[in-house]
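K.L.:
In the numbering used here, the protein residues as written are 348 to 778. My questions will all concern the structure given below.
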Amino acid sequence: MPADRADWLSPADALRRIVDGVRPIGIEARPLLDALGHILAEEVASPVELPPWDNSAMDGFAVRAADVRGATRDRPAVLRVVDDIAAGGFPARALADGEAARIMTGAPVPAGADGVVRVEHTDGGVGIGSADARVAIFSDADAGKNVRPRGEDVRAGQTVLAAGTTLRAPHLAVAAAVGRARLRVHRRPVVAVVTSGDELVDLDRFDEVRAGRKIVSSNSYALAAQLAESGIEARVPGIARDTHDSLREMVEAARGCDALVTSAGISVGEHDHVRAVMREMDTRVEFWRVRIKPGSALAFGHVGALGGIPWFGLPGNPVSTMVTFELFVRPALLRMCGRTRIYQRVVRAVARDPISARGELLQIPRLKIEMEDGTAYVRLTGAQGSGIGTSMATADALGIIPAGSELRPGDAVRAVVLGGEPLAEVAYFGE
348 MPADRADWLS PADALRRIVD GVRPIGIEAR PLLDALGHIL AEEVASPVEL PPWDNSAMDG
408 FAVRAADVRG ATRDRPAVLR VVDDIAAGGF PARALADGEA ARIMTGAPVP AGADGVVRVE
468 HTDGGVGIGS ADARVAIFSD ADAGKNVRPR GEDVRAGQTV LAAGTTLRAP HLAVAAAVGR
528 ARLRVHRRPV VAVVTSGDEL VDLDRFDEVR AGRKIVSSNS YALAAQLAES GIEARVPGIA
588 RDTHDSLREM VEAARGCDAL VTSAGISVGE HDHVRAVMRE MDTRVEFWRV RIKPGSALAF
648 GHVGALGGIP WFGLPGNPVS TMVTFELFVR PALLRMCGRT RIYQRVVRAV ARDPISARGE
708 LLQIPRLKIE MEDGTAYVRL TGAQGSGIGT SMATADALGI IPAGSELRPG DAVRAVVLGG
768 EPLAEVAYFG E
């Protein structure tokens, strides 16, 4: 095997080395709302019971079941109304035989009462607040019902949130209910994004693009957006020129970040300086190439001169950059966030187009999913060149097509669904 191919890894091996090569980066305490989307790093137990008292599940009248048994519209049970309990209020006293209390949803149920008759089963009461207040009960259907007991939801000392939980709105509601203003969570990484190429400019120089002299550094925007989709902050110091010193300067700007992503310059051409710069910066490189298309020029290592932070070296073609980020970089960064479910889900679909994976590389076509009668069908998103960014813009999924395969319409396809919450602990590649 030629020497320059000796480090070509299978996609499964490359992904394993990347994920095994990173760890959660630390824990911090954050205000409750600022913890949304983070991974909880502690168990949260409740110091109180919820609800803290027996309370009404209805607007109506708190009663003793024995006083309303057998009540009908023709023969109503008429009770004295001795209290009017609003939500946020408390009973004035316990109920005795033949007594009721008007009560609102959530208000504490008075001692002696064991049910709440909804207002629809009454005449609504008359003279409420006076000494002669009365209510006629027309049904006993609610006898012994509509009372939510103290501690029904949470008992004092109960663990209400487990460590490792991805915090969503309901989790924050529970944390607030048990009095937690701050939560200890796994910190999210800050990731430096460096693109390189003399042909690249930012949007403020689009006139040069219009004149046919330059192209926009779309990879900067793609990578920053892919990071943001995972709630991760991107720092983009600028576009490196095709010189050693310019690239070194941009990589040095990653100092203080938790990870570095570079795009382009990873090959061995005269103007590709990534290997030399990484060597100078004491980078321990795990591999330089992966048997995958698009995206074979993929590297991973740890940059000693930047404190050993992980480095993801991505190819420069727009599709290759986005595909390798989705399949290899995002899972690693999610692990750094403290997650265990870091992989997008894989579905079995049915091909509607021929899909070829000639040669020795696993192919990653961009696919559009079409659902019919509960079955997922997939089509190619058009031309599949690694420079055709629109093939990603219209994609719902990435196909996993083993090397040497020739799929025909009707054949099964494994497809990694793009977007949404990663759901799986198991990776999408098999050996």
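Glycine residues also receive a C-beta, built at the ideal position from the N, C-alpha and C atoms. Here the structure is a predicted model, which means the values were calculated and not measured.
Report the residue from Arg588, Arg631, Val632 and Gly603 whose alpha carbon sits nearest the alpha carbon of Gly612.
P.N.:
Among Arg588, Arg631, Val632 and Gly603, the Cα nearest to that of Gly612 belongs to Arg588.
K.L.:
With DSSP run on the structure shown, which of helix, strand or coil describes Pro358?
P.N.:
Helix, per DSSP.
K.L.:
Taking the alpha-carbon of Leu380 as reference, which of Arg531, Ala460 and Gly417 has the nearest alpha-carbon?
P.N.:
The option with the nearest alpha carbon to Leu380 is Arg531.
K.L.:
Strictly by DSSP, which residues pair up with Asn402?
P.N.:
In DSSP, Asn402 forms a bridge with Pro455 and Arg495.
K.L.:
Within a Cβ cutoff of 7 Å, which residues of the same chain sit near Ser577, ignoring the five residues on either side of it in sequence?
P.N.:
The residues are Arg677, Leu680 and Leu681.
K.L.:
Going by the CB atoms, is the gap between Ala460 and Val410 shorter than 8 Å?
P.N.:
Against a cut-off of 8 Å, the Cβ pair of Ala460 and Val410 comes out as a contact.
K.L.:
Beta carbon of Ala488, beta carbon of His468: below 8 Å?
P.N.:
It is a contact, given that the beta carbons lie within the stated cut-off.
K.L.:
Which whole-angstrom value describes the C-beta separation of Val391 and Ala522, a residue pair presumed to lie in contact below a C-beta threshold of 8 Å?
P.N.:
6 Å between Cβ atoms; contact.
K.L.:
Can you round the beta-carbon distance between Arg686 and Ile386 to whole angstroms, since I take them to be within the 8 Å contact cut?
P.N.:
About 6 Å; that satisfies the 8 Å criterion.
K.L.:
Looking only at its own chain, which residues have a Cβ that is under 8 Å from the Cβ of Ser752, when we skip the five neighbours before and after it?
P.N.:
So the qualifying residues of the chain are Ile702, Ser703, Ala704 and Gln710.
K.L.:
Have a look at Leu547 and Ala509 and give me their C-alpha separation to the nearest angstrom.
P.N.:
Each residue's Cα considered, the two are about 47 Å apart.
K.L.:
Leaving out five residues before and five after Phe408 in sequence, what residues of the same chain have Cβ atoms less than 8 Å from its Cβ?
P.N.:
Same-chain partners within the cutoff: Leu426, Val428, Ala447, Ala448, Arg449, Ile450, Val463, Val464, Val466, Thr469, Gly472, Val482 and Ile484.
K.L.:
Kindly give me the distance between the Cβ atoms of Val537 and Ser567, rounded to whole angstroms, as I take these residues to be in contact under 8 Å.
P.N.:
Rounded, the Cβ-Cβ distance is 16 Å, inconsistent with contact.
K.L.:
Is the Cβ-Cβ distance between Val602 and Leu570 less than 8 Å?
P.N.:
This sequence places Arg at residue 602; Val is not what is there. Taking 8 Å as the Cβ cut-off, Arg602 and Leu570 do not qualify as a contacting pair.
K.L.:
Do Val763 and Ile747 have their C-beta atoms closer together than 8 Å?
P.N.:
Closer than 8 Å, so yes.
K.L.:
What are the boundary residues of the beta strand (DSSP E) that Val670 is part of?
P.N.:
From DSSP, Val670 is part of no beta strand (DSSP E) but of the alpha helix (DSSP H) over Pro665 to Thr671.
K.L.:
Would you kindly report the start and end of the unbroken beta strand (DSSP E) that includes Tyr724?
P.N.:
Looking at the DSSP string, the run of the beta strand (DSSP E) that includes Tyr724 is Thr722 to Leu727.
K.L.:
What do you get for Pro399, buried or exposed, if any count of 16 or more other CB atoms within 10 angstroms of its CB means buried?
P.N.:
Exposed, since its Cβ has fewer than 16 Cβ neighbours within 10 Å.
K.L.:
When burial is assigned at 16 or more other CB atoms within 10 Å of the CB, is Arg416 buried or exposed?
P.N.:
Classification of Arg416: exposed, given that the 10 Å Cβ count is below 16.
K.L.:
Give the single residue among Val525, Gly721, Asp758 and Asn664 whose Cα lies nearest to the Cα of Thr737.
P.N.:
Comparing Cα-Cα distances from Thr737 to each of Val525, Gly721, Asp758 and Asn664, the minimum goes to Asn664.
K.L.:
With DSSP run on the structure shown, which of helix, strand or coil describes Glu396?
P.N.:
Coil, per DSSP.
K.L.:
Excluding the 5 residues preceding and the 5 following Gly384 in the sequence, name in chain order all residues of the same chain whose CB lies nearer than 6 Å to its CB.
P.N.:
So the list reads Gly578, once near-sequence residues are dropped.
K.L.:
Starting from Asp430, follow the beta strand (DSSP E) in both directions and report where the run begins and ends.
P.N.:
Asp430 -> beta strand (DSSP E) spans Ala424 to Ile432.
K.L.:
In angstroms, rounded to a whole number, what distance separates the CA positions of Gly767 and Gln691?
P.N.:
Taking the straight line joining both Cα atoms gives about 8 Å.
K.L.:
Are the C-beta atoms of Thr609 and some chain D residue less than 8 Å apart?
P.N.:
The chain inventory of the structure shown lacks chain D, comprising one protein chain alone.
K.L.:
Going along the chain, which residues of its own chain have a beta-carbon closer than 7 Å to the beta-carbon of Asp351, five neighbours each way excluded?
P.N.:
For Asp351, the predicted structure reports a pLDDT of 42, less than 50, and the residue's modelled location is therefore unreliable. A value from the coordinates is still provided. Correct list: empty, nothing qualifies.
K.L.:
Whole angstroms are fine: how far does the CA of Leu550 sit from the CA of Thr590?
P.N.:
In a straight line, the C-alpha of Thr590 is about 22 Å away from that of Leu550.
K.L.:
Identify, in the order they occur along the chain, each residue of the same chain with its Cβ nearer than 7 Å to the Cβ of Val670, setting aside the five sequence neighbours on each side.
P.N.:
Result list for Val670: Pro641, Gly642, Ile711 and Leu745, in chain order.
K.L.:
Would you list, in sequence order, the uninterrupted alpha helix (DSSP H) runs of no fewer than 4 residues that lie entirely inside the region 685 to 740?
P.N.:
Complete alpha helix (DSSP H) runs here, min 4: 737 to 740.
K.L.:
Quick one: Cα of Pro349 to Cα of Ala376, how far?
P.N.:
Bear in mind that a pLDDT of 37 at Pro349, under 50, signals an unreliable position, so the number given afterwards is only what the model happens to contain. Distance between the alpha carbons of Pro349 and Ala376: 52 Å.
K.L.:
Among residues of its own chain, excluding the 5 on either side of Glu717, which ones have a beta-carbon nearer than 6 Å to its beta-carbon?
P.N.:
These residues qualify, in order along the chain: Tyr724.
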